[in-house]
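Residue numbers (this note's numbering), protein chains in the order written: chain A, 6 to 320; chain B, 52 to 355.
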């Protein structure tokens, strides 16, 4: 982080100014805001509007209008069961975005604590903790998530808590997915945070508190962690697309979100399942895929913009 | 010395991975023997279980598994009972390796020139277009690229076969679908490396001596900038291996990924553990190769 003191402008304000000049990043932020708004408003709209509108756009409502191409009534067309694809994409977005947010949150907590402890304590603890990160980096973590999901997913199915309520089982499985993906996505965060903490540790204000007899946990939480906020936010923005991608990957393979719940991954999988040489239902792939790709693009631009604004050096 | 230690360190690591996979799978309810039709009688069921040593305590089964593993024996598949896991690996691994190798070649073959080109034209519209293409490649998952390729190249234009794995023509679309993500990644890493390299002092010095811009980029900047690409190749290869799950699934390619995903659904314990170990061995091995290549490329690096 640069330490030039311009009068009355804090580093955060400088970063914010740089960010606002980055057009792709601002565009990405706007797109995400609109998407969130749509996700929030759409279910309300279905409730308020007339029964007919709600009926045709209910994401779970089966109808005879199978494989209808996009039209004024069904903007994204309909699927095998005559369900409105637009509505399904918006409801699927809830899970896809939530997994990104929660997963990135989990990775933030683990990564910041791990990196901060390694960087601050230093010495043998540091080399031990970072060696673990190196090892985990070179392992196929997604395979571990798959095994974990299968095991605990099946355990959930059988346990008597959820025996009589499949909805709860589905929700618990999604929670498992969230935590599992977050738990394998914190490595880069830990490395970056450690590097930042190493440089913060030797700064005058930290040394001052240490000479005043402030304990290690207090220094970590009062001085170090608040100062790596910008870096952490940047990497959260860059971790989110990766986790959303992982979730759609697993759901595509049928290992993630289970029907009747849907995410972008399961929607695309359904579309791919309908590929045949005779009739092409392009809207089943183009719309869910298009929204997924645009969201990932927006998140990437946003993350890159934040990184440039805070002038964070990558790995 | 350093690499010998790394290889030694891999052994306990593989032990931990095998134990984790082995015991985690056994916690799950359901077993490979009740997924199909019920055996005719309890005696038969007991005999089957005895044959595969499922009547013993789990830790004993694990010990037996490790013993077999020492002889290079991954055990018998519990689903395809006439096949050993070794058979299936021997059959499927060459397919997956070919697919992965082709995708890797595609990623490097397109990604490196793209990264070089965007860096050479930095700040100009070819840079913006190329860089946007690179980000796009990173954001389009293989299960969107693959159906798009199938719909356009195979079904509409009828240029290439839709699926299966027979002739080299069958390999083109899967390799592109699997590799496109890494094209973007390689291009972005190389571009960033080239830009920081062109700001370093030795490049300024060479420029001051009157070296042309193109030889400058080729001889000086590229040689430095390719190093981060090499060091990210390890994790990239890991992603390539797991990424093939989806691509093999879409194109109906009989590779390791298909067997791995199916084994999870069939409670085929030996297959799951065996293939998870195979992936771990491959990835640890490839990482070693990558790090070794790095020391050859960059003589400044000496591992202790």
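For glycine and all other residues, C-beta sits at the position ideal for the given N, C-alpha and C.
Short CB-CB distance (under 8 Å) between residue i and chain B
i             : result
residue 96/A  : no
residue 273/A : yes
residue 305/A : yes
residue 142/A : yes
residue 6/A   : Per-residue confidence for residue 6/A stands at a pLDDT of 45, beneath the threshold of 50, marking its modelled position as unreliable; the derived number appears in the next sentence. Closer than 8 Å: no.
residue 151/A : yes
residue 156/A : yes
residue 280/A : yes
residue 315/A : no
residue 137/A : no
residue 100/A : no
Cutoff 8 Å: residue i Cβ touching any chain A Cβ
i             : result
residue 72/B  : yes
residue 166/B : no
residue 64/B  : yes
residue 343/B : no
residue 275/B : no
residue 215/B : no
residue 317/B : no
residue 120/B : no
residue 158/B : no
residue 177/B : no
residue 285/B : yes
8 Å Cβ cut-off: residues of chain B touching residue i
i             : result
residue 287/A : 202
residue 253/A : 192 and 194
residue 250/A : 192
residue 197/A : Neighbours of residue 197/A on chain B: none; closest Cβ ~15 Å, over 8 Å.
Nearest candidate by alpha-carbon position, reference residue i, set the options
i             : options                       : result
residue 113/A : 53/A, 47/A and 192/A          : 192/A
residue 61/B  : 260/B, 328/B, 127/B and 160/B : 328/B
residue 85/A  : 300/A, 51/A and 285/A         : 285/A
residue 184/A : 157/A, 206/A and 173/A        : 157/A
residue 117/A : 195/A, 216/A, 178/A and 256/A : 195/A
residue 74/A  : 83/A, 215/A and 254/A         : 83/A
residue 31/A  : 209/A, 270/A, 306/A and 16/A  : 306/A
residue 105/A : 300/A, 236/A and 314/A        : 300/A
residue 55/B  : 349/B, 351/B and 340/B        : 340/B
residue 97/A  : 68/A, 272/A, 155/A and 133/A  : 272/A
residue 108/A : 241/A, 219/A and 76/A         : 241/A
residue 218/B : 79/B, 200/B and 150/B         : 150/B
residue 149/A : 72/B, 245/B and 305/B         : 72/B
Partners in chain A for residue i, counting only beta-carbon separations shorter than 8 Å
i             : result
residue 334/B : 143, 144 and 145
residue 313/B : Result: empty, since nearest Cβ-Cβ is about 11 Å, beyond 8 Å.
residue 301/B : 277
residue 338/B : 143
residue 75/B  : 152, 153 and 156
Residues that residue i contacts on chain B, provided the C-beta gap is smaller than 7 Å
i             : result
residue 148/A : 293, 327 and 330
residue 257/A : 194 and 297
residue 294/A : 195
Closer than 7 Å: residue i CB and nearest the ligand FAD heavy atom
i            : result
residue 94/A : The ligand FAD is absent from the structure shown, which contains no ligands of any kind.
Closer than 9 Å at the beta carbon, the chain B residues around residue i
i             : result
residue 104/A : Result: empty, since nearest Cβ-Cβ is about 14 Å, beyond 9 Å.
Within chain A, the residues that residue i reaches when beta carbons sit closer than 9 Å
i             : result
residue 187/B : 298 and 302
residue 212/B : Those do not exist, as residue 212/B stays about 11 Å from chain A at its closest Cβ, beyond 9 Å.
residue 309/B : Per Cβ cutoff of 9 Å: no residues; residue 309/B is ~10 Å from chain A at best.
residue 206/B : 280, 281, 282 and 285
Beta-bridge pairing of residue i - partner residues as DSSP gives them
i             : result
residue 127/B : 135/B
residue 321/A : Examination of residue 321/A is not possible in this model, given that chain A is present from 6 through 320 alone.
The region 221-235 of chain A contacting the region 113-124 of chain A, beta-carbon criterion three pairs below 8 Å:
The region 221-235 of chain A vs the region 113-124 of chain A: in contact.
Tell me whether the region 139-151 of chain A and the region 292-306 of chain B touch, counting them as touching only if at least three CB pairs, one residue from each stretch, are closer than 8 Å.
Per the Cβ contact rule, the region 139-151 of chain A is in contact with the region 292-306 of chain B (3 or more Cβ pairs under 8 Å).
So does the region 293-304 of chain A actually touch the region 325-336 of chain B, counting three or more Cβ pairs closer than 8 Å?
Look at the beta carbons and you see the region 293-304 of chain A not touching the region 325-336 of chain B: under three pairs across the two are nearer than 8 Å.
Assess, as a yes-or-no matter, whether the region 197-210 of chain B is touched by the region 272-281 of chain A under the definition of 3 or more beta carbon pairs within less than 8 Å.
Contact annotation: the region 272-281 of chain A touches the region 197-210 of chain B, with at least three C-beta pairs closer than 8 Å.
Taking 8 Å as the threshold, find out whether the region 99-117 of chain B comes into contact with the region 183-200 of chain A through three or more Cβ pairs.
The region 99-117 of chain B makes no contact with the region 183-200 of chain A, as fewer than three CB pairs between them are under 8 Å.
Count the C-beta pairs between the region 151-169 of chain B and the region 223-233 of chain B that are closer than 8 Å, then say yes if the count reaches three, no if not.
Short answer: they touch.
For the region 311-318 of chain B and the region 230-238 of chain B, state whether three or more C-beta atom pairs, one from each stretch, are separated by less than 8 Å.
Touching, no, given that fewer than three Cβ pairs across the two stretches are closer than 8 Å.
Give a yes or no on contact between the region 132-152 of chain B and the region 237-257 of chain B, applying the rule of three or more CB pairs nearer than 8 Å.
At 8 Å Cβ cutoff, the stretches do not touch.
Three or more C-beta pairs below 8 Å linking the region 266-276 of chain B and the region 211-218 of chain B:
No, they do not touch.
Three CB pairs or more closer than 8 Å across the region 247-255 of chain A and the region 40-59 of chain A
Pairwise C-beta distances place the region 247-255 of chain A out of contact with the region 40-59 of chain A, as fewer than three of them are shorter than 8 Å.
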